[in-house]
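Mapping to my numbering: the sequence shown position 65 is 65, numbers consecutive.
The beta-carbon is built from N, C-alpha and C at its ideal position, and this holds for glycine as well.
Note sheet for the following structure.
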Amino acid sequence: MADDAFYDLSVHAYPEGGSTASRLALAARGLGYSGICVANHPEFFLEVSPIEGFEIIQGVEVVAKNANDLRRQVDRFRSRVKVLAVHGGDSAINRAACEDDRVDILLHPPDGKTSGINHILAKLAADKHIAIGFELVPIICSKGGSRVRMLSNYKTNLALAKKYGTPFVVVSGAMSHYDMRDVRAVVSLCRLFGMNDKDALKGMSYYPSQILKRRSPGYIMEGVELLP
C-alpha cells in the first residue's frame, strides 16, 4: 500500500460540512491519503487553497433538476474545477451524466427502486470514462433495511462496472473529519458489497489518479500529452 497514492475525491468542507478544508486535509493525511477533493454542492461552492505537503483538489458535486439543468450546471463549473461530480438518483439525471464526457463521477445513482445503473448506462459511462462513485458515509451511518438495500445496490453497480470496464471510485462523502476512515478500514468496508482488496485499492488510487491525469494541463487523450 505504501507505494500507492490514495485519494478521497468527495469530501464536503465548511460551510456545508462541519470541518474546514484544512482540517479535513490534516485528518486525511494522517489516515494515509495523498489528497482530497473538496466537492461541496453548488450552493456551498468553496474555492480551496493549497497547503504544503498535501494535495487539496478543487471540485464540486452538481445537483440538477433535469437533464437540461445538468448541462447548464456543467457549463457553469467545468472550467472552475478539476473534479466534477454529479449527484444522481433520477434516471434522467443518471443518463445525462453518463452521456457527458465533461463529467468525472456519478454519485448516488440509486433511485429508490433500483441501483440506478443498468447495462446501457454502465457501457455509456465506460465509453466516456465517467466513474461510478461508491460513497461510504451512508453505509457507516445507515442501519437495518436501509443499509441492506444500499449494499445490494452497490453490489449490483460494482458487478456492472466490472463487466463493462466502467471506472469506479471509492469516496467517503465526509461531512466532517470524523466521517473519514483510514485506507485499511475503507478496504474492509468495501468488502461488505463485494469488492475484493484489489478493487478497493483501484477505487482509491488507480481510477482517481486517472481522473486527475485527464484533467491536468497538457492532457489531450489517452497516451497523448503536451510536455512542459
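Leaving out the 5 sequence neighbours to the left and right, which residues in its chain are closer than 7 angstroms to residue i when beta-carbon positions are compared?
i: serine 216; result: none
i: glycine 32; result: Phe6, Asp182, Val183
i: alanine 13; result: Ser19, Thr20, Ala21, Leu24, Val38, Asn40, Leu46
Considering just the uninterrupted stretch of the alpha helix (DSSP H) at residue i, what are its terminal residues?
i: serine 22; result: 21 to 30
i: serine 10; result: Careful: serine 10 lies outside any alpha helix (DSSP H), inside the beta strand (DSSP E) at 7 to 11.
i: tyrosine 207; result: 207 to 214
i: leucine 189; result: 183 to 190
i: arginine 76; result: 67 to 77
The beta strand (DSSP E) with residue i in it runs from where to where?
i: proline 85; result: Just to set this straight, residue 85 is alanine in the shown sequence, not proline. Run containing alanine 85: 83 to 87, per the beta strand (DSSP E) assignment.
i: phenylalanine 168; result: 168 to 171
i: valine 62; result: 55 to 62
i: isoleucine 36; result: 35 to 38
In its own chain, which residues sit with a C-beta less than 8 angstroms from the C-beta of residue i, not counting the 5 before and 5 after it?
i: alanine 85; result: Leu9, Ser10, Ala39, Gly59, Val60, Glu61, Val62, Val103, Asp104, Ile105, Leu106, Leu107, Gly133
i: glycine 173; result: Ser10, Val11, His12, Leu107, Glu135, Leu136, Val137, Pro138, Asp179
i: alanine 2; result: With a pLDDT of 38 at alanine 2, under the threshold of 50, the modelled position of that residue is not reliable, and the figure given next carries that caveat. For alanine 2, where only same-chain residues beyond five positions count, there are no Cβ hits under 8 angstroms.
Check the DSSP bridge columns for residue i and list the partner residues they point to.
i: alanine 174; result: Val11
i: isoleucine 51; result: Phe54
Our contact map puts residue i next to residue j with C-beta atoms below 8 angstroms; I'd like the distance itself, whole angstroms only.
i: valine 171; j: phenylalanine 6; result: The pair is not a contact, with the Cβ atoms about 11 angstroms apart (cut-off 8 angstroms).
i: asparagine 153; j: serine 115; result: 4 angstroms
i: phenylalanine 168; j: glycine 194; result: Wrong, their Cβ atoms sit about 12 angstroms apart, outside the cutoff.
Near residue i, what residues of its chain come up, given a Cβ to Cβ distance below 6 angstroms and the 5 sequence neighbours on each side ignored?
i: aspartate 4; result: Ser205
Minimum length 4: unbroken alpha helix (DSSP H) runs contained in the region 99 to 166: The DSSP assignment places complete alpha helix (DSSP H) segments of no fewer than 4 residues inside the region 99 to 166 at 119 to 128, 137 to 141, 144 to 164, in order along the chain.
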